[in-house]
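Read through the structure below, which is laid out as structure tokens, and then see the notes.
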Amino acid sequence: MSRADEPDIVKTDGRRIVFVDGSMLRVVDAASREPVGSVSLGVVGGKILLSGDAVLVLAAARTERAGSRAVPGDSGVSRALLLLVDLAGSPRVVSRYEADRGSLVDARLTAGTARVVLRSTPRIVFPALPSIDDAAVRIKANQAVIDETPFSAWLPSFTSTSGATRVPVEIGCGQVVRPAAYSGAALLSILTFDLGSRSPSPSRSPSRSPSRSPSGLSRLALGSGDPVTVVADGDTVYANGTSLYVANDQRWRLDRLPGRAALPVPPSTDIYRFTTTGSRPPAYAAAGSVPGFLINQYALSEWDGHLRVATTFNNQSAVRVLNNSLTQVGLVDGLGKREQIRSVRFIADRGYVVTFKQTDPLYTLDLSSPTAPRVTGELKITGYSAHLQPAGDGRLIGIGQEADPNGRTEGTQISLFDISDPATPRRLAQHHIPGGQSEAEYDPHALLWWPATKLLVLPLTTYNSIDAGDGAAAGPGALGLRVDDDTIREVGTIERPEVRRSMVLGDVLWTLYDGGLQASSLSTMEELNWLPNT
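Using full-length UniProt numbering, the first residue of the sequence shown is number 1, and each one after it goes up by one.
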């Protein structure tokens, strides 16, 4: 099964480190530990996918709001913006892809093919009626505008630009799939871009700018993206190389505001499955729904032709098993009664779910029989794990918060679990940083687990006791831990503020900050080089 890479603020091919710094895309040569190029993106922030000499930048731009609905101070309407950057020689933007109105949901890269999920909303300007308090009058006025809106305003509209050539990408009604169940007025479009043929030139020095042949990377273009569009909303993407799933949180149905009465259906999460083959556009395959809500993409996992889904609603949690038609065939419920799911991890035919309110039950699940999933073990400890990291050899690392018996959090906690016996999960070791918080607790991209040396690195901010009158943030910027078979011990710290990411190239640990990159010894975490963003 091919690996599906996720976009992030930094990527490496083992030779170069490519990262987003404000409005700049920067490139560092790992061997010389020197910057070798940069290019302005024209927008601030974004995430990237890297394939050979091609970087796909996923960002958001703003469009001035038109019409009478404008609000003072409103910065406009967000639109998704994709930029293709050529790294051969000096980095340069060679192609753009823009949504007329819409936002990025997520993206995945498999074997050089990028699939980008965009969410678009109808281009409708509703009347501003500041002097009318009657909700019925407002609703009637909005309905009149909707009735007069042409079909073209409901459909996604994109523009692809390469050089001086700007080509509109229109979606016709015949290209849109409509699931049987309604999930909102938004439309999901999955775009496909083949980046696999843009391989790097290993013999070329990154600091040089060689001439380009007519058939080389200078002619890169994103093209139309071959959109596959579905009448549905979405907020969570999971992919494994052969399937891509988009899940849609239906929590909006709980809205009780005037004119937006909740629909008479139980709160649920809609799921859409697409099959993916090679560099071809995905094929819409199935739609389904499960009760409750996902915590994140780790609550989804496909194994042996079945999708496992972990959800919580009304403080009740469950794992459901769905077949290829997204029809439920198995269920295990009753997890963490009166508690919320805090983290999920599926490993082959096993599942691990952490729920929390005051204490942290870690549940182990046997999912080998899709029609008869079952709980095999439970471990109760204080605190909770917000992310579960597989560590091999029957080990699982939990990153989260310690808590007192009443559920009050007390700082970052790293736990080492023994899951070799599914009936009796155990915690072998714990490392607690009082007052600590880590970006890795809510964004696993911030976590580095290096199995070769059993090194765990996570960004960390600690706060002094507020009770003592000092709530200021303090160091360190990154914490390195050695996680052996049954122990956790501190290797070192990197005391720079705003650590975002860590990675290993050879025997060098690289850490990314808002202000630059630091190269450190992998064994001791001592500083070797500091490269400020200039």
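Cβ coordinates follow ideal geometry from the N, Cα and C atoms, glycine included.
Asked                                                                                                                                                          : Found
In the DSSP assignment, what are the bridge partners of H432?                                                                                                  : Q413
Take the Cβ of K140 as the centre, count every other Cβ of all protein chains shown within 10 Å, and call the residue buried at 16 or more, exposed below.     : exposed
Look at the alpha carbon of P532 and the alpha carbon of T511, and state the distance between them as a whole number of angstroms.                             : 12 angstroms
Return the Cβ separation of A4 and A239 in integer angstroms, given the expectation that the two are a contact with Cβ distance under 8 angstroms.             : 4 angstroms
Per the contact definition of three or more C-beta pairs closer than 8 angstroms, is the stretch 37 to 50 in contact with the stretch 140 to 149?              : no
Starting from residue 535 and walking both ways along the alpha helix (DSSP H), at which residues does that stretch end?                                       : Summary: the structure shown does not reach residue 535, with the chain confined to residues 1 through 534, and so no result is reported for it.
Using beta-carbon positions only, say whether A186 and D233 come within less than 7 angstroms of one another.                                                  : yes
In terms of residue numbering, what span does the beta strand (DSSP E) encompassing P532 cover?                                                                : E527 to P532
Can you check which of these residues, V20, D29, D485 and S317, is closest to L56 by C-alpha distance?                                                         : V20
Within 10 angstroms of its Cβ, does A261 collect 16 or more other Cβ (buried), or is it exposed?                                                               : Unreliable positioning characterises A261 in this predicted model, as indicated by a pLDDT of 49, which lies under 50. The coordinate reading is nonetheless provided below. Exposed.
Smallest Cα separation from R427: which of P405, D443 and E378?                                                                                                : E378
Taking DSSP as the reference, what is the three-state secondary structure of residue 548?                                                                      : Nothing in the structure corresponds to residue 548, since the chain is present only between 1 and 534.
Under a three-way DSSP split, which group does A478 fall into?                                                                                                 : strand
Can you name, in chain order, every residue of its own chain whose Cβ lies under 6 angstroms from the Cβ of L155, other than the five neighbours on each side? : I171
Can you tell me which residues form a DSSP beta bridge with I494?                                                                                              : A478
Can you tell me where the beta strand (DSSP E) with P390 in it begins and where it stops?                                                                      : Y384 to P390
Between E439, E410 and S301, which has its C-alpha nearest R501's C-alpha?                                                                                     : E439
Give the DSSP-derived three-state secondary structure of S152 in the structure shown.                                                                          : helix
Mapping DSSP to helix, strand and coil, what is P373?                                                                                                          : coil
What does the Cβ neighbour count give for V39, buried or exposed, with the cut at 16 atoms within 10 Å?                                                        : buried
Using the Cβ count rule (16 or more neighbours within 10 Å means buried), how would you classify P434?                                                         : exposed
Grouping DSSP H, G and I as helix and E and B as strand, with all else coil, what is E439?                                                                     : helix
Since V117 and A128 are thought to touch, with beta carbons under 8 angstroms apart, how far apart are those beta carbons, to the nearest angstrom?            : That belief does not hold up - the Cβ atoms of V117 and A128 are roughly 32 angstroms apart, past 8 angstroms.
Measure the C-alpha to C-alpha separation of D421 and G407 and round it to an integer number of angstroms.                                                     : 28 angstroms
Pull up the distance between the alpha-carbon of G394 and that of T424, whole angstroms please.                                                                : 12 angstroms
Counting Cβ pairs, one atom from each stretch, are 3 or more of them under 8 angstroms apart for the stretch 335 to 350 and the stretch 304 to 320?            : yes
Is the beta carbon of D360 closer than 7 angstroms to that of V354?                                                                                            : yes
Can you tell which of T364, L195, A135 and W450 has the C-alpha that lies nearest to the C-alpha of D349?                                                      : T364
Please identify the residue among R489, V483 and L517 whose C-alpha is closest to the C-alpha of R496.                                                         : L517
Going by Cα to Cα distance, which pick from A54, S51 and L83 is closest to A60?                                                                                : L83
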